[in-house]
Amino acid sequence: MKGADGKLDVSESLEVIDDGFELVRIIGKGTVGTVCEYRRRSDDRVVAIKLMKLTPMGTPEVFEGIIKAALATKPLADQTNVVRVFSAGKVPPNTYYIIMEMMRGGTLEEYIKRVELSLKEKLDISAKIADALYAIHFKGIIHGDLKPSNILMSAEGEPYLNDFYLYSSDSSTQIPYMSIGTPFYMSPEQASGALVTPKTDIYSFGVMLYELVTGEMPYSTGMDSINGLIEEITNGSIAPPSKRKRGVSPKLDAVILKLLEKEPDERYRDMALAASDLRGCRENGPISIPAEKQSFWHRFFHRR
Ligand SMILES: Nc1ncnc2c1ncn2[C@@H]1O[C@H](COP(=O)(O)OP(=O)(O)OP(=O)(O)O)[C@@H](O)[C@H]1O
Ligand SMILES: [Mg+2]
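When we follow this note's numbering, the leftmost residue of the sequence shown carries the number 61, and every step to the right adds one.
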């Protein structure tokens with residue numbers, strides 16, 4: 061079952077799942093698996109299939125958690141911006157799979173490089189992602205690895221949440237964050253090895269929004285110093301987005317800084333409120349953060 065590079069030989073594995081599929085192309089490889097485009101022979105339907113193989117890094121419990129989370133999102137796909145999962149499960153002895161809708165617009169990361177978006181459009185996309193996060197949290201799912209490469213775009217430019225790592229805060233399915241991907245989006249509590257909660261996703265969403273709005277990460281440390289980055293995430297102060305990008309309002313500054321509070325309890329109560337504030341910022345309407353606090357942050361960081 062192993063290819064020349066030691067990774068999964070996808071075509072062989074898929075035969076085990078269902079020999080009614082034909083491999084079109086390998087889309088890409090991530091930390092825990094390989095995603096390929098397949099065509100179902102019976103009706104020519106094209107799907108994306110993620111195949112994951114047990115490695116020393118992930119215990120069966122972790123993969124069971126990923127499969128459980130993927131299946132739990134199934135009923136959400138009709139109403140929310142969550143990538144549609146058709147089925148997910150295990151191919152004995154040690155391969156797991158998720159069959160999903162094939163997304164044609166690439167990742168949000170690629171999309172923003174390709175398409176010049178206005179601030180309003182960015183806030184619109186962010187509010188939709190916020191709604192989808194609220195929907196999964198409501199179902200007891202924690203994303204656990206939110207980042208622009210895990211937001212997939214439809215051909216029409218709609219964002220969809222993808223790749224859920226965790227189902228509930230059950231500790232047996234949680235793996236230390238550092239081992240599953242880029243550390244840039246992790247929250248202070250993840251950096252200190254604590255269990256993740258929906259508040260963790262709220263923080264990671266804040267990092268993503270900061271990057272989307274300013275074009276920069278909230279931190280100055282790069283990958284060359286992982287300990288420096290962890291220190292900055294845990295203790296460093298974050299410059300308000302308006303310091304990095306002209307045209308960011310005191311309201312949007314306040315929203316982003318609230319998402320990025322170090323203390324989970326200080327962050328938004330839930331993503332529904334964050335979504336509503338993002339729409340408030342987009343329309344220059346009311347938001348839930350009191351005006352004194354908005355101008356305080358603005359004045360505090362903009363004083364010379
Ligand atoms: N349903 C899908 N439709 C189209 N492309 C997809 C789909 N799911 C994943 N991809 C793409 O396949 C590639 C590999 O995805 P994968 O999730 O394995 O890795 P990743 O997102 O880069 O990292 P990570 O493992 O941390 O999630 C990525 O480029 C991803 O955007
Ligand atoms: Mg992914």
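We put the CB at the ideal spot given by N, CA and C, even for glycine.
Considering only the beta carbon of each residue, do residue i and residue j sit closer than 8 Å?
| i | j | result |
| --- | --- | --- |
| LEU111 | THR155 | yes |
| LEU32 | PRO243 | Given a span of 61 to 364 for the chain in the structure shown, any question on residue 32 remains unanswerable. |
| TYR270 | LEU206 | no |
| LYS199 | LEU255 | no |
| ASP337 | VAL315 | yes |
| LEU319 | GLY282 | no |
| ALA335 | ALA190 | yes |
| GLN354 | LYS303 | no |
| ASN141 | LYS182 | no |
| GLU169 | PRO208 | yes |
| ARG105 | GLY80 | no |
| LEU193 | MET331 | yes |
| LEU317 | ILE293 | no |
| LYS305 | THR260 | no |
My assumption, with CB atoms under 8 Å, is that residue i sits in contact with residue j. Please give the rounded CB distance.
| i | j | result |
| --- | --- | --- |
| LEU370 | SER348 | As displayed, the chain neither begins before 61 nor continues past 364, which places residue 370 out of reach and without an answer. |
| VAL122 | ARG99 | Not confirmed; about 30 Å, so no contact. |
| ILE172 | LEU272 | 7 Å |
| MET162 | VAL107 | 6 Å |
| VAL143 | LYS134 | Incorrect: roughly 11 Å between the Cβ atoms, too far for contact. |
| GLY165 | SER214 | 5 Å |
Between the options, which lies nearest to residue i when the distance is taken from Cα to Cα?
| i | options | result |
| --- | --- | --- |
| ILE127 | LEU226, ILE86, MET163, CYS96 | LEU226 |
| ASP325 | SER297, THR257, LYS311, GLU216 | THR257 |
| GLU321 | PRO248, SER252, ASN344 | PRO248 |
| GLU216 | GLY340, ILE185, LYS134 | ILE185 |
| GLY88 | CYS96, PRO350, ASN287 | CYS96 |
| ARG327 | PHE146, GLY93, ILE262 | ILE262 |
| GLY149 | VAL143, PRO120, ARG174 | PRO120 |
| ALA132 | PRO346, ARG342, HIS197, MET268 | HIS197 |
| LEU114 | ARG306, VAL145, PRO152 | PRO152 |
| HIS203 | ALA130, MET160, ASP138 | ALA130 |
| ILE109 | LEU317, GLU124, GLY93 | GLY93 |
| ASN287 | ALA251, PRO301, THR274, LEU317 | ALA251 |
| SER147 | GLN139, ASP138, MET160 | MET160 |
| MET268 | ASN295, GLY307, ASN210, GLU323 | ASN210 |
| GLU124 | ARG174, VAL143, PRO300, SER228 | SER228 |
| GLY340 | ARG329, ASP313, GLU323 | ASP313 |
| ASN295 | SER264, GLU323, THR91 | GLU323 |
| ARG342 | ALA351, GLY307, PRO350 | GLY307 |
| ASP103 | THR91, ASP138, GLU82 | GLU82 |
Exercise for the section: Decide if the segment 275-285 is in contact with the segment 211-226; the criterion is three or more beta carbon pairs, one per stretch, under 8 Å apart. Expected result: no
Practice task
Just jot down, in chain order, the residues whose CB lies closer than 7 Å to any heavy atom of ligand 2.
Solution key: GLY90, SER209, ASN210, ASN222, ASP223
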